[in-house]
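Asker: Dumping the structure here so I can ask a few things about it.
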Amino acid sequence: MPSLLTGKGSVEYNESMNITDKFIKNNNLAKEEFVELIRLAEADAEVRRSLTEEAVKLRRKYYGIDVYTRGLIEFTNYCRNDCYYCGIRRSNRNAERYRLTKEEILECCRNGYGLGFRTFVLQGGEDPYFTDERMADIVRAIRDGFPECAITLSVGEHSKDTYRLWKEAGADRYLLRHETADEALYGSLHPKEMDFARRRQCLYDLKELGYQTGAGFMVGSPGQKLEDLAEDLVFLKELNPNMAGIGPFIPHHDTRYAGEPAGSVERTVLLLSIIRILLPKVLLPATTALGTMDPLGREKGLAAGANVVMPNLSPLKNRRQYELYDNKICTGEEAAECRMCLAGRVESAGYRLVIDRGDSKL
């Protein structure tokens with residue numbers, strides 16, 4: 000490491016640490032400074048070490064060594080949208096479609112409860128079959144059957160009245176990744192009928208209604224620049240969500256981006272540390288996409304400040320059909336049935352898997 004006071008490289012090192020120290024002290028930077036921080040951290044192992052250490056310190060301050068689990072139920076892969084990067088987009092004729100019934104969803108919850116899960120995440124495409132009232136009925140049934148458990152929905156963009164209905168039915172949390180906070184990049188990844196401003200407004204509606212709200216973005220999406228990632232960080236600070244889900248972009252063979260390179264595991268892990276410092280109390284998953292890209296991806300995420308994992312509770316026969324991207328891991332140690340295997344992996348990273356709703360500290 001170059002000397003702080005003398006020797007070759009000392010000026011560059013001082014500049015690297017100045018912006019790093021500023022970020023650690025203030026938990027925030029301007030957009031241009033975030034660009035510089037990411038650039039410096041990717042070039043300087045000492046900067047990365049400082050960010051990781053601070054992220055772990057904050058994670059332990061607010062959450063100790065606990066890692067929360069969410070039982071993921073991918074209940075439909077029908078979708079009315081046509082996002083250009085997504086394997087279950089409307090125009091993909093090769094996707095093998097499915098929908099779970101209400102009873103199948105409840106059976107997933109029963110299995111998950113027996114395995115120690117106290118949060119259920121209903122994730123699906125924007126499927127018109129699941130009308131507002133049909134979803135509300137499912138939420139009520141889960142609430143009645145598992146009153147002490149948290150219910151998270153992740154079913155895309157809807158009206159504020161619809162979100163209110165589901166909240167009154169018993170939903171606690173809502174995940175809606177904003178994908179990118181840069182309007183031009185958003186437009187290149189989505190068809191014209193998907194509106195950038197509407198998606199952001201949905202997140203503010205959810206917060207206003209009292210949901211524990213989750214946003215998030217892809218790392219390495221086609222055309223993404225460091226400035227776009229910096230804009231994502233600025234937006235997260237402004238939104239102040241309870242949860243932030245990020246993962247590397249992974250191409251799907253039936254999309255226009257099939258030949259694009261995947262996002263970087265290293266950059267994703269770095270951004271996890273930055274987000275933990277930016278939002279010290281945020282619930283931060285080590286995502287399936289991270290585990291898909293790297294066999295130790297989730298452990299690396301936990302070691303960088305993440306504190307949530309989301310094993311799959313969906314019926315085994317459907318897991319491979321919910322293919323947002325290629326080579327998604329859907330059986331084995333990331334599956335809910337192998338909770339003990341997952342617990343061992345979490346412990347290997349210095350943490351412990353707990354039976355807990357894992358509510359936000361905000």
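Numbering follows numbering that gives the first Met the number 0, in which position 326 of the sequence shown is assigned residue number 325; successive positions increment by one, without gaps.
Virtual Cβ for every residue (Gly too), placed ideally from N, Cα, C.
1) Where PRO260 and VAL34 are concerned, what is the direct C-alpha to C-alpha distance, given to the nearest angstrom?
2) Work out the CA separation of THR130 and ARG47 for me, nearest whole Å.
3) Just to confirm my understanding: we take ASN27, look at its own chain, exclude 5 residues before and 5 after, and list those with CB closer than 8 angstroms. What are they?
4) Looking only at its own chain, which residues have a Cβ that is under 7 angstroms from the Cβ of LEU238, when we skip the five neighbours before and after it?
5) Between ASP355 and THR68, what straight-line distance do the alpha-carbon atoms span, to the nearest angstrom?
6) Going along the chain, which unbroken runs of the beta strand (DSSP E) with 3 or more residues stay wholly within the region 192-263?
7) Within the same chain, show all residues whose beta-carbon is closer than 7 angstroms to that of ALA243, passing over the 5 residues directly before and after it, in chain order.
8) May I ask you to report which of helix, strand or coil DSSP gives SER49?
9) Tell me the residue span of the beta strand (DSSP E) that contains ASP136.
10) With GLY115 as the anchor, note down where its alpha helix (DSSP H) starts and where it stops.
11) Spell out the partners DSSP gives ARG98 in its beta bridges.
12) What does the Cβ neighbour count give for ARG96, buried or exposed, with the cut at 16 atoms within 10 Å?
13) Give the range of the alpha helix (DSSP H) segment to which ARG344 is assigned.
14) Under 6 angstroms Cβ to Cβ from GLY219, same chain only, skipping five residues before and after it: list those, please.
15) Just list the residues that DSSP pairs GLN122 with in beta bridges.
16) Suppose you measure from the CA of VAL18 to the CA of ASP126; what does that come to, to the nearest Å?
Answerer: Walking through what the data contain:
1) 21 angstroms
2) 46 angstroms
3) LYS236 and LEU277
4) LEU202 and ALA214
5) 8 angstroms
6) 211-218 and 242-247
7) GLY213, ALA214, GLY215, LEU235, ILE274, LEU278, VAL281 and LEU283
8) helix
9) Element bounds for ASP136: not the beta strand (DSSP E) but the alpha helix (DSSP H), 131-144.
10) Looking at the DSSP string, GLY115 is not in any alpha helix (DSSP H), and its letter there is neither H nor E.
11) THR75
12) exposed
13) 338-347
14) PRO247, PHE248, GLY262 and SER263
15) GLU73 and SER153
16) The question names Val, yet the displayed sequence has Ile at residue 18. Their backbone Cα atoms lie some 45 angstroms apart in a straight line.
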